[in-house]
Amino acid sequence: MKMEAEVYLNNEYVGTVDEPLEFVSRIREERRLGSITSNLNIHYIEKSNEVYIECSKGRARRPLIIVKDGIPLLTEKHIKQLEKNEISWSDLVKQGVIEYLDAMEEESALVAFYENELTPKHTHLEIMPLAILGYCTSLVPYGNFNQSTRLNAGSKNQKQALGFYASNFSVRMDMDVNILHYPQMPVVQTIMHDISGYSKHPAGQNIVVAIMSYKGYNMEDAIILNRGSIERGFGRSTYYRPSIAEELRYAGGLMDEVCIPNKDIKGYKTEKDYRLLEDDGVIFVEAKVKEGDVVIGKTSPPRFLSSMEDYSLASNIRRESSINLQHGEEGVIDFVLLTENEEGNKLFEVRIRDQRIPEVGDKFTSRHGQKGVIGLIVPQNDMPFSASGIVPDLIFSPHGIPSRMTIAHLIEMLAGKTGALAGRYINGTTFDAEPEERLRKELLSLGFNESGVETMYNGETGEEYQAKIFIGNMYYLKLKHMVANKIHSRARGPIQLLTRQPTEGRAKEGGLRLGEMEKDTFVAHGAALLLKERFDSDRTIVPVCEACGIIAIRDEYRNKSYCPICGDNTTVSEIELSYAFKLMLDELKSLGIYPKLELEGKY
Amino acid sequence: MEEELFKEYQSRLPRKLIDDIRDNVPKSISAAKLKKVLEAASEEYAAALVNPGEAVGVISAESIGEPGTQMTLNTFHFAGVAEMNVTMGLPRIIEILDGRKELDTPMMEIYLNKAMAKGKDIEELRRFALALKETRLQDFVTEFSINITDLTVIVKLDKGKMKDLGLTNSKIIEAISKQTKMLNIKDDGDSLVVKSKSKDDTFNEVYKIKEKIRGLHIKGIKGITQVLPVKRNDEFIIVTAGSNMADVLKLEEVDSYRTTTNNIFEIEQVLGIEAAREAIVREVYKVIESQGLNVDVRHIMLVADTMCVSGTVKGITRYGVVSEKSSVLARASFETPIKNIINAALVGEVDELNSVVENAMLNQVIPIGTGLPRLVVRQPSGKKQ
Numbered sequence: 003m004k005m006e007a008e009v010y011l012n013n014e015y016v017g018t019v020d021e022p023l024e025f026v027s028r029i030r031e032e033r034r035l036g037s038i039t040s041n042l043n044i045h046y047i048e049k050s051n052e053v054y055i056e057c058s059k060g061r062a063r064r065p066l067i068i069v070k071d072g073i074p075l076l077t078e079k080h081i082k083q084l085e086k087n088e089i090s091w092s093d094l095v096k097q098g099v100i101e102y103l104d105a106m107e108e109e110s111a112l113v114a115f116y117e118n119e120l121t122p123k124h125t126h127l128e129i130m131p132l133a134i135l136g137y138c139t140s141l142v143p144y145g146n147f148n149q150s151t152r153l154n155a156g157s158k159n160q161k162q163a164l165g166f167y168a169s170n171f172s173v174r175m176d177m178d179v180n181i182l183h184y185p186q187m188p189v190v191q192t193i194m195h196d197i198s199g200y201s202k203h204p205a206g207q208n209i210v211v212a213i214m215s216y217k218g219y220n221m222e223d224a225i226i227l228n229r230g231s232i233e234r235g236f237g238r239s240t241y242y243r244p245s246i247a248e249e250l251r252y253a254g255g256l257m258d259e260v261c262i263p264n265k266d267i268k269g270y271k272t273e274k275d276y277r278l279l280e281d282d283g284v285i286f287v288e289a290k291v292k293e294g295d296v297v298i299g300k301t302s303p304p305r306f307l308s309s310m311e312d313y314s315l316a317s318n319i320r321r322e323s324s325i326n327l328q329h330g331e332e333g334v335i336d337f338v339l340l341t342e343n344e345e346g347n348k349l350f351e352v353r354i355r356d357q358r359i360p361e362v363g364d365k366f367t368s369r370h371g372q373k374g375v376i377g378l379i380v381p382q383n384d385m386p387f388s389a390s391g392i393v394p395d396l397i398f399s400p401h402g403i404p405s406r407m408t409i410a411h412l413i414e415m416l417a418g419k420t421g422a423l424a425g426r427y428i429n430g431t432t433f434d435a436e437p438e439e440r441l442r443k444e445l446l447s448l449g450f451n452e453s454g455v456e457t458m459y460n461g462e463t464g465e466e467y468q469a470k471i472f473i474g475n476m477y478y479l480k481l482k483h484m485v486a487n488k489i490h491s492r493a494r495g496p497i498q499l500l501t502r503q504p505t506e507g508r509a510k511e512g513g514l515r516l517g518e519m520e521k522d523t524f525v526a527h528g529a530a531l532l533l534k535e536r537f538d539s540d541r542t543i544v545p546v547c548e549a550c551g552i553i554a555i556r557d558e559y560r561n562k563s564y565c566p567i568c569g570d571n572t573t574v575s576e577i578e579l580s581y582a583f584k585l586m587l588d589e590l591k592s593l594g595i596y597p598k599l600e601l602e603g604k605y
Numbered sequence: 134m135e136e137e138l139f140k141e142y143q144s145r146l147p148r149k150l151i152d153d154i155r156d157n158v159p160k161s162i163s164a165a166k167l168k169k170v171l172e173a174a175s176e177e178y179a180a181a182l183v184n185p186g187e188a189v190g191v192i193s194a195e196s197i198g199e200p201g202t203q204m205t206l207n208t209f210h211f212a213g214v215a216e217m218n219v220t221m222g223l224p225r226i227i228e229i230l231d232g233r234k235e236l237d238t239p240m241m242e243i244y245l246n247k248a249m250a251k252g253k254d255i256e257e258l259r260r261f262a263l264a265l266k267e268t269r270l271q272d273f274v275t276e277f278s279i280n281i282t283d284l285t286v287i288v289k290l291d292k293g294k295m296k297d298l299g300l301t302n303s304k305i306i307e308a309i310s311k312q313t314k315m316l317n318i319k320d321d322g323d324s325l326v327v328k329s330k331s332k333d334d335t336f337n338e339v340y341k342i343k344e345k346i347r348g349l350h351i352k353g354i355k356g357i358t359q360v361l362p363v364k365r366n367d368e369f370i371i372v373t374a375g376s377n378m379a380d381v382l383k384l385e386e387v388d389s390y391r392t393t394t395n396n397i398f399e400i401e402q403v404l405g406i407e408a409a410r411e412a413i414v415r416e417v418y419k420v421i422e423s424q425g426l427n428v429d430v431r432h433i434m435l436v437a438d439t440m441c442v443s444g445t446v447k448g449i450t451r452y453g454v455v456s457e458k459s460s461v462l463a464r465a466s467f468e469t470p471i472k473n474i475i476n477a478a479l480v481g482e483v484d485e486l487n488s489v490v491e492n493a494m495l496n497q498v499i500p501i502g503t504g505l506p507r508l509v510v511r512q513p514s515g516k517k518q
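These protein sequence lines are chains U and D, in that order. For our numbering, add 2 to where a residue sits in the first sequence, where the first one is 1. For our numbering, add 133 to where a residue sits in the second sequence, where the first one is 1.
As structure tokens, then:
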């Protein structure tokens with residue numbers, strides 16, 4: 003006996019149906035007719051005999067052409083109408099030619115990839131095979147020749163590429179943005195570049211890439227750049243960062259004031275730090291700034307207004323609260339904006355610009371997840387060159403290819419080379435690209451080796467390399483991870499107030515932690531004294547009462563030590579220990595535990 | 134003569150080595166040559182000794198821990214091989230080193246005495262294996278029902294399964310009545326009628342009886358849930374899921390010298406602490422080997438020794454080995470610091486600062502490696518300055 007199938011609407015039980023399959027197909031029919039919303043998906047699970055109807059928000063859905071009896075509903079007539087602009091996409095959805103499926107309903111659909119694969123069993127047809135990919139992945143040329151994980155990596159890299167993100171960037175105040183100088187359209191494109199208007203926001207440059215090793219500086223995914231290419235503008239970008247100050251209002255009619263701070267103000271820096279400020283307290287445009295320079299001068303009222311005494315002196319004890327450049331930052335003032343925010347407070351925004359020329363450690367990538375950092379910048383005259391005198395802009399390591407199997411990376415080089423020589427764009431759309439064979443033939447007709455390899459010469463000695471080098475053109479992207487934003491070192495520096503240990507993080511000029519496992523390596527080597535020295539950063543000398551073992555008090559003024567419990571009549575010895583341990587003893591005391599130090603001779 | 138030489142070297146060589154030399158040296162060896170052999174052995178032995186102050190514990194931890202990061206998290210399955218699902222990899226190592234008493238997949242390898250191991254009578258082997266398996270009443274019963282008017286439980290038996298297991302009605306009745314004295318059982322051919330001995334029973338109590346007899350142990354060895362006779366190196370052994378060493382070793386068909394379990398706690402109970410130590414080493418090494426890693430056994434031996442020194446197997450947890458540490462600070466720095474410090478404060482514990490962690494905390498020189506030696510200077514006697 004067939005049980006009634008339970009029906010769930012947006013995962014809530016609503017009732018049962020006797021003939022679930024018939025019910026599901028009827029709902030689908032109604033949806034295609036337009037009598038119920040097209041934002042509805044239905045799926046019958048045979049195993050548990052349940053029907054799921056979904057029409058909530060936030061589902062990922064994708065469009066497919068409906069197929070009936072092996073014939074797609076989308077006909078030549080529709081396409082002609084579309085070309086003439088008589089109908090639009092939404093008309094096709096309304097007519098029930100195209101429908102959107104969600105992940106659940108997809109389970110009950112049989113989707114054909116190409117039209118000639120259609121059989122009567124099929125329920126849907128892909129609009130085009132590329133539609134199985136997302137936007138960023140569609141931008142990878144020859145994607146069907148790559149391993150899927152590389153496509154994921156490649157599309158993730160593209161999101162981090164520097165480009166031309168908005169044409170009104172010069173009047174925008176965006177946080178942490180970069181603009182690539184001289185962005186280009188790729189020679190090897192996909193159809194998605196056209197559809198998305200990539201020409202309005204390109205994000206990379208076409209360069210000549212040679213796959214070879216060079217002095218070992220492109221080991222482990224590093225790349226080698228031609229200094230000449232950099233000087234001609236490859237990979238140059240500008241980094242923008244705004245500093246923002248607001249004139250806040252406080253209780254009692256007090257408020258912040260943007261101005262050049264007076265010398266008698268609490269926390270006044272040095273005159274030199276304020277030198278770039280104009281009379282209104284804001285820096286002037288095109289001023290060159292370095293770390294520590296004040297960008298917006300500001301003073302604030304005192305933090306606590308406890309007694310009347312403070313009140314009367316309030317004007318005198320205002321605090322310095324200027325905005326200055328953080329550690330490691332430098333640049334030129336690009337843009338100054340004075341405005342008012344929603345609360346009616348005066349708002350000062352200053353944008354700093356900094357040109358970033360590629361340097362060792364900057365990260366670049368092709369569109370196939372083949373990212374790497376610059377390992378060496380070589381003068382153009384030392385770079386290898388081909389028989390025709392072509393010097394690569396970038397040298398990529400051959401070891402990156404076999405394990406990652408990014409065949410599309412190689413095909414793109416071939417296609418890019420053909421495109422650049424023939425002076426045309428190459429269609430590299432995934433599943434629908436110009437075939438490699440044709441590219442090879444064209445390359446041959448252009449007078450090059452059809453496999454893309456060329457005879458190359460050592461740039462330093464002029465000797466011919468024994469191996470033929472695979473060289474071609476491809477689209478490279480500069481990624482937003484630049485060393486200038488990450489470089490960090492510390493010898494001495496700020497410490498934390500509570501523990502007296504070094505601060506953490508680049509912004510606070512912190513130390514690099516020698517953690518527990520690193521400590522273990524010292525122990526394993528038996529390097530006891532080295533370990534002690536490493537951890538000496540917070541060592542202190544503490545007076546200890548020998549009678550009760552508690553930490554005593556040293557009174558330098560009276561040149562005397564005494565114990566808070568035993569008083570003057572006791573011996574106080576000074577011992578050395580880490581401040582963090584002293585802090586722990588203090589915390590134990592605050593818990594009501596009495597930690598006693600029993601002293602004995604060191605030897 | 135020879136014995137004297139051996140005696141002489143007793144302080145320089147462990148007994149096992151001396152015995153090995155005695156067994157392997159030709160009987161006709163001259164005293165001078167034997168002395169040479171012993172001298173060479175003692176030199177090699179001294180060279181292989183760990184230097185004082187070497188941080189063996191940390192080195193062992195790193196030597197096991199580093200390759201451990203490459204270990205596959207999940208169980209390996211070998212397709213096509215008749216093998217049972219056994220916890221391997223990291224979870225198994227954690228299980229062993231934590232000293233857990235309840236294993237995820239307890240397992241035994243039962244070796245058989247000669248007659249059976251050869252596998253001449255496969256049918257007998259199969260029957261013996263099947264007899265090991267724990268059988269409960271519910272395993273061969275089609276239905277438990279209650280007769281409300283008589284207040285009896287009617288147990289319908291599956292004769293086919295019973296024949297397979299070699300059971301008869303009388304055997305079942307005997308097994309049940311051995312375990313509960315308060316039941317009257319009547320043999321009814323295809324079913325058993327169970328009635329309570331007490332006269333005034335309520336329905337509720339009959340229901341309870343029904344639930345109770347379901348799980349009664351009828352046959353086989355408790356804890357053994359699956360048996361699998363396997364041929365290994367020309368002999369048949371029985372691999373079981375579930376483990377009960379004490380009971381299995383009592384069977385006379387079993388070769389008690391080689392039969393083993395992966396339950397270290399059971400080995401400790403049955404065979405003693407030295408066997409348990411050996412089992413820890415073997416089990417941990419088995420996992421490490423199966424993952425294709427290369428760790429020196431001596432590191433694992435050190436861990437096993439640490440777990441067994443107290444005389445019972447202790448896991449490397451805050452309840453086990455770590456709780457034995459004498460230093461309050463060392464215990465507190467491992468896990469549950471507040472609990473450790475408060476308990477230490479309640480009894481006024483003293484930390485002698487004799488070990489590594491405590492001294493690292495105080496920024497003092499740790500007593501390991503270069504931090505270990507101390508300089509002792511004899512003061513000139515008599516004279517005072």
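Each residue gets a CB set at the ideal place from its N, CA and C atoms; glycine is no exception. Computed from a predicted structure; not experimentally measured.
Using 8 Å as the cut-off, classify the Cβ of U/E466 as near or not near the heavy atoms of the ligand FAD, replying yes or no. No copy of the ligand FAD appears in this structure; indeed no ligand is present at all.
Enumerate, from N- to C-terminal direction, the unbroken alpha helix (DSSP H) stretches of 4 or more residues contained entirely within the stretch 33 to 76 of chain U. none
Measuring CA to CA, which of D/G222, D/N218, D/A188 is closest to D/M204? D/G222
Using DSSP with H/G/I as helix, E/B as strand and the rest coil, what is U/D93? helix
Extract the residue ranges of the beta strand (DSSP E) inside the stretch 250 to 338 of chain D, only unbroken runs of 3 or more that lie entirely within it. 274 to 280, 285 to 290, 316 to 320, 324 to 329
State yes or no: is the beta carbon of U/Y596 nearer than 9 Å to at least one beta carbon in chain D? yes
With respect to the beta strand (DSSP E) encompassing D/T373, which residues constitute its N-terminal and C-terminal limits? 368 to 374
DSSP on U/N347, reduced to helix/strand/coil? coil
Same chain, Cβ closer than 7 Å to U/G299, neighbours up to 5 away in sequence not counted: V260, C261, I262, P263, Y276, L279, G283, S324
Identity of the residue in U/D93, U/D178, U/G206, U/G569 nearest U/D356 by Cα: U/D178
For chain U, check one thing: does any of its Cβ atoms lie closer than 9 Å to the Cβ of D/A194? yes
Which runs of the beta strand (DSSP E) at least 3 residues long sit entirely within the stretch 398 to 434 of chain U? Give them in chain order. none
Residues sharing a beta bridge with U/N326, DSSP: U/V296
Alpha-carbon to alpha-carbon, U/Q328 and U/G377: 28 Å
Just grab the DSSP bridge partners of U/S563 for me. U/R556
Where U/E466 falls: helix, strand or coil (DSSP): strand
Residues that U/F537 contacts on chain D, provided the C-beta gap is smaller than 8 Å: A493, N496
Taking beta-carbon pairs under 7 Å, can you tell me which members of the stretch 575 to 586 of chain U lie near chain D? L579, S580, F583
Within the 9 Å Cβ cut-off, does D/G201 reach chain U? no
How would you call U/A247, buried or exposed, if buried means at least 16 neighbouring beta carbons within 10 angstroms? buried
What residues of chain U sit near D/E187, judged by a beta carbon separation below 8 Å? G528
Can you give the Cα-Cα distance for U/M214 and U/Y459, rounded to whole angstroms? 12 Å
Compute the Euclidean distance between the alpha carbons of D/E411 and D/A477, then round it to the nearest angstrom. 35 Å
Any chain D beta carbon closer than 9 Å to U/L593: yes
What residue range is occupied by the uninterrupted beta strand (DSSP E) comprising U/I359? Element bounds for U/I359: n/a, residue is neither H nor E.
Buried or exposed by the 16-neighbour rule on C-beta atoms within 10 Å, applied to U/N180: buried
Considering D/I501, what are the terminal residues of the beta strand (DSSP E) in which it resides? From DSSP, D/I501 is part of no beta strand (DSSP E); its letter is neither H nor E.
From the beta carbon of U/E600, is the nearest beta carbon of chain D less than 9 Å away? yes
Kindly list, in the order they appear in chain D, the residues whose Cβ is closer than 9 Å to that of U/I588. According to the sequence shown, residue 588 of chain U is Asp rather than Ile. Ordered by position in chain D, no residue passes the 9 Å Cβ test against U/D588, which lies about 14 Å from the chain.
Where D/V446 and D/E401 are concerned, what is the direct C-alpha to C-alpha distance, given to the nearest angstrom? 7 Å
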